[in-house]
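Trainee: -15 is the number of the first residue of the sequence shown in my numbering; add one for each residue after it.
C-beta atoms are modelled at their ideal positions from N, C-alpha and C, and glycine is treated no differently.
Keep in mind it's a predicted model, so treat the numbers as computed, not measured.
I'd like to ask some things about the structure below.
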Amino acid sequence: MLNLVLKRAALGLITLWAASVLIFAGTQILPGDLAQAVLQNNATPENVAALREELGLDRPAVERYAEWLGNAVHGDLGTSLVNHRDVAQDLAPRLYNTFFLALYAAMIAVPLSVGLGVLAAAWQGSAFDSAANAVTLLAISLPEYFLGYLLIKWVAVQWGLFPVLASVTPETSFTERLYMTFLPMLTLVLVIMAHIMRMTRASVISVMSNPYIEMAVLKGLAKWRVVVEHALPNALAPIINVVALNLAYLIVGVVVIEVVFVYPGLGQSMVDAVSKRDVPVVQACGLIFAAVFISLNMIADILAIVSNPRLRHPR
């Protein structure tokens, strides 16, 4: 089992390196000259040449990539081209905001969706199962930004229960932060709940058809004990994978939600940086998103290995 875990970890590092190559290459092939875009009206030939030399644009791309990756490994994400501040320091509070929103949504969505998925599997074919399938299909079909605008229109504008914009600051208290971010959190919950619930239901139903489950039923065990004690533990591997994928989505896919609710997170910073051609910020945001996504997927693979008895106890 240790060898499998080490292989997954090594594959994760290789994937992250490949993602860093794509991120750097993607920012280098953007149309137009970066120095001219930064200088705008002050883009005289002398100023452009000086800025290109300052940014290292006159050096080979491979050399610049090696320097950027080496600095990023040591925590140096560069300097913003817009405000000339350290990117890591600027993104730290934004990263905290993104993680706060993702954790807020995950703490509600994961237990709720797994519980509802187990109930739908236990009551397969019932009215509850049909209603749950219909609601989840509807949630999957609607884009997250559309759900966000619907919540803004009805919950914030029509009913006035929550603010339209999730404008938080470092001075915002914890309870006020929970209140301000309720609508973006609810949007994320509605989006990921459908996927986790459907996978949980399908996994538990698949396990329920095994002979040892039938034996447990014939012994007279209560239905809830059969599902919770016998079926659910053996259905954990695919559930863990889909939970990890959706947690990764909460970090990476939160960009759209942050823009809709003008939430000062990492996704909003990346959108602003793209519009301003602030390449160091775009590269830093992309690398952070890639690292989080790959790490969560790697953790999911490792947990799936640990939860599989055949891999925990090899013969």
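Quick one: Cα of Leu(-10) to Cα of Ile136, how far?
Mentor: Sequence index remark: in the sequence shown, residue -10 carries index 6 (1-based). Sequence index remark: in the sequence shown, residue 136 carries index 152 (1-based). About 46 Å.
Trainee: Could you check where the alpha helix (DSSP H) with Gly249 kicks off and where it finishes?
Mentor: Translated into the one-based positions of the sequence shown, residue 249 becomes position 265. Here Gly249 belongs to no alpha helix (DSSP H), and DSSP marks it neither H nor E.
Trainee: Output needed for Val62: all residues of its chain with C-beta closer than 6 Å, excluding positions within five of it in sequence on either side, in chain order.
Mentor: Position 78 of the sequence shown holds residue 62. In the sequence under discussion, the amino acid at residue 62 is Gly, which differs from the Val named in the question. Only Val71 and Pro264 meet the Cβ criterion.
Trainee: Does the beta-carbon distance from Glu242 to Val175 come in below 8 Å?
Mentor: Here residue 242 corresponds to residue number 258 of the sequence shown, with the count starting at 1. Here residue 175 corresponds to residue number 191 of the sequence shown, with the count starting at 1. No; because the gap between Cβ atoms is not below 8 Å, this pair is not in contact.
Trainee: So the candidates are Ser114, Ala90 and Val226; which of them puts its Cα closest to the Cα of Phe166?
Mentor: For the purposes of this step, residue 166 is identified with residue 182 of the sequence shown, where counting begins at 1. Out of Ser114, Ala90 and Val226, Ala90 has the C-alpha closest to the C-alpha of Phe166.
Trainee: Classify Thr159: buried if its beta carbon has 16 or more other beta carbons within 10 angstroms, exposed otherwise.
Mentor: Along the sequence shown, read from residue 1 onward, the residue named residue 159 stands at position 175. Looking at its Cβ environment, which holds fewer than 16 other Cβ atoms inside 10 Å, Thr159 is exposed.
Trainee: Judging by CA-CA distance, which residue of Val246, Pro168 and Tyr247 is the nearest neighbour of Tyr88?
Mentor: Within the sequence shown, the letter at position 104 stands for residue 88. The residue with the shortest Cα to Cα distance from Tyr88 is Pro168.
Trainee: Please classify Trp52 as buried or exposed, where buried requires at least 16 other C-beta atoms within 10 Å of its C-beta.
Mentor: The residue you call residue 52 lines up with position 68 of the sequence shown. Result: buried.
Trainee: Among Ser97, Ser157, Ala116 and Tyr163, which residue has its Cα nearest to the Cα of Val148?
Mentor: The residue labelled residue 148 in the question sits at position 164 within the sequence shown. It is Tyr163 whose Cα lies nearest to the Cα of Val148.
Trainee: Name the residue from Gly59, Trp143, Asn31 and Asp262 whose alpha carbon lies nearest to the alpha carbon of Asn67.
Mentor: Position 83 of the sequence shown holds residue 67. Ranking Gly59, Trp143, Asn31 and Asp262 by Cα distance to Asn67 puts Asp262 first.
Trainee: Counting Cβ pairs closer than 8 Å, one from the region 224 to 232 and one from the region 281 to 291, do we hit at least three?
Mentor: Output reads yes: the region 281 to 291 touches the region 224 to 232.
Trainee: State the CB to CB distance for the pair Met181 and Ser97, rounded to an integer number of angstroms; the pair is presumed to be in contact (CB under 8 Å).
Mentor: Stepping through the sequence shown from its first residue, residue 181 is reached at position 197. Stepping through the sequence shown from its first residue, residue 97 is reached at position 113. Indeed they touch by this definition, with Cβ atoms about 4 Å apart.
Trainee: As an exercise, report each continuous alpha helix (DSSP H) stretch of at least 4 residues that is fully enclosed by the region 141 to 207, in chain order.
Mentor: If we require 4 residues or more, the alpha helix (DSSP H) runs fully inside the region 141 to 207 come out as 158 to 164, 166 to 192 and 195 to 202.
Trainee: On the three-state DSSP scale, how would you describe Asp60?
Mentor: Along the sequence shown, one-based indexing puts residue 60 at 76. In this structure, Asp60 counts as coil in the three-state DSSP scheme.
Trainee: Can you tell me whether DSSP reads Asp42 as helix, strand or coil?
Mentor: As a working note, residue 42 is residue 58 in the sequence shown. Asp42: coil per DSSP, three-state reduction.
Trainee: For a quick check, are the C-beta atoms of Leu287 and Ile197 less than 8 Å apart?
Mentor: Residue numbering aside, residue 287 sits at position 303 when the sequence shown is read from its first letter. Residue numbering aside, residue 197 sits at position 213 when the sequence shown is read from its first letter. Contact: no.
Trainee: Answer yes or no: do Ala257 and Ile7 have a C-beta to C-beta separation smaller than 8 Å?
Mentor: Here residue 257 is taken as the residue at index 273 of the sequence shown, counted from 1. Here residue 7 is taken as the residue at index 23 of the sequence shown, counted from 1. No, these two residues do not count as a Cβ contact at 8 Å.
Trainee: For Thr82, which option in Ile(-2), Asn31 and Val246 has the closest C-alpha, if you only look at C-alpha atoms?
Mentor: The sequence position of residue 82 within the sequence shown is 98, counting from 1. For the residues Ile(-2), Asn31 and Val246, the minimum Cα distance to Thr82 belongs to Val246.
Trainee: Between the region 142 to 157 and the region 189 to 208, can you find at least three pairs of beta-carbon atoms closer than 8 Å?
Mentor: With a cut-off of 8 Å, the region 142 to 157 and the region 189 to 208 do not count as touching, because too few Cβ pairs lie within range.
Trainee: Flag this pair as touching only if the region 211 to 221 and the region 98 to 117 have three or more C-beta atom pairs under 8 Å; answer yes or no.
Mentor: Touching, per the Cβ criterion.
Trainee: For Asp113, does the three-state DSSP call read helix, strand or coil?
Mentor: As a working mapping, residue 113 is identified with position 129 in the sequence shown. If DSSP states are grouped into helix, strand and coil, Asp113 belongs with the helices.
Trainee: Between the Cα of Val244 and the Cα atoms of Thr120, Leu131, Asp60 and Glu38, which residue gives the shortest distance?
Mentor: Here residue 244 refers to the residue found at position 260 when the sequence shown is read from its first residue. When each option's Cα is compared against that of Val244, the closest is Leu131.
Trainee: Rounded to whole angstroms, what is the Cα-Cα separation between Met177 and Cys269?
Mentor: The sequence position of residue 177 within the sequence shown is 193, counting from 1. The sequence position of residue 269 within the sequence shown is 285, counting from 1. So the alpha carbons of these two residues sit roughly 26 Å apart.
Trainee: Find the nearest neighbour of Lys260 within the set Ser114, Ser64, Ala115 and Ala140, judged by alpha-carbon distance.
Mentor: Taking the sequence shown and counting its residues from 1, one reaches residue 260 at position 276. Among Ser114, Ser64, Ala115 and Ala140, the Cα nearest to that of Lys260 is on Ser64.
Trainee: With H, G and I counted as helix, E and B as strand and the rest as coil, what does DSSP make of Asp262?
Mentor: As a working mapping, residue 262 is identified with position 278 in the sequence shown. It is coil, neither helix nor strand.
Trainee: Is it true that the CB of Thr11 sits closer than 8 Å to the CB of Gln267?
Mentor: Residue mapping note: residue 267 aligns to position 283 of the sequence shown, counting from 1. Residue mapping note: residue 11 aligns to position 27 of the sequence shown, counting from 1. Cβ atoms of Gln267 and Thr11: closer than 8 Å.
Trainee: Given Ala123, which residues of its chain have a CB within under 8 Å of its CB, disregarding the five upstream and five downstream residues?
Mentor: To locate residue 123, count along the sequence shown from 1; it is residue 139. Leu131, Leu174, Val175, Met177 and Ala178, listed in sequence order.
Trainee: With Met199 and Val226 assumed to form a contact (beta carbons below 8 Å), what rounded beta-carbon distance in angstroms separates them?
Mentor: Locating residue 199 in the sequence shown gives position 215, where the first residue counts as 1. Locating residue 226 in the sequence shown gives position 242, where the first residue counts as 1. About 28 Å; that fails the 8 Å criterion.
Trainee: Whole angstroms are fine: how far does the CA of Asp74 sit from the CA of Ala219?
Mentor: Taking the sequence shown and counting its residues from 1, the one referred to as residue 219 is at position 235. Taking the sequence shown and counting its residues from 1, the one referred to as residue 74 is at position 90. The straight-line gap from Cα to Cα measures roughly 42 Å.
Trainee: Can you grab the Cα-Cα spacing for the pair Asn31 / Ile13, in whole Å?
Mentor: Locating residue 31 in the sequence shown gives position 47, counting from the first residue. Locating residue 13 in the sequence shown gives position 29, counting from the first residue. The alpha-carbon atoms of Asn31 and Ile13 are separated by roughly 22 Å.
Trainee: Taking all protein chains shown into account, decide if Ser4 is buried (16 or more other Cβ within 10 angstroms of its Cβ) or exposed.
Mentor: Here the question's residue 4 lines up with position 20 in the sequence shown. It counts as buried.
Trainee: Return the chain-ordered list of same chain residues with a C-beta closer than 6 Å to the C-beta of Asp42, the five sequence neighbours on each side being excluded.
Mentor: One-based indexing of the sequence shown puts residue 42 at position 58. Counting only Cβ-Cβ distances below 6 Å, and skipping sequence neighbours, we find Arg36.
Trainee: Exposed or buried, which one is Leu85 when buried takes at least 16 other CB atoms within 10 Å?
Mentor: Sequence index remark: in the sequence shown, residue 85 carries index 101 (1-based). The residue is buried, with at least 16 neighbouring Cβ atoms inside 10 Å.
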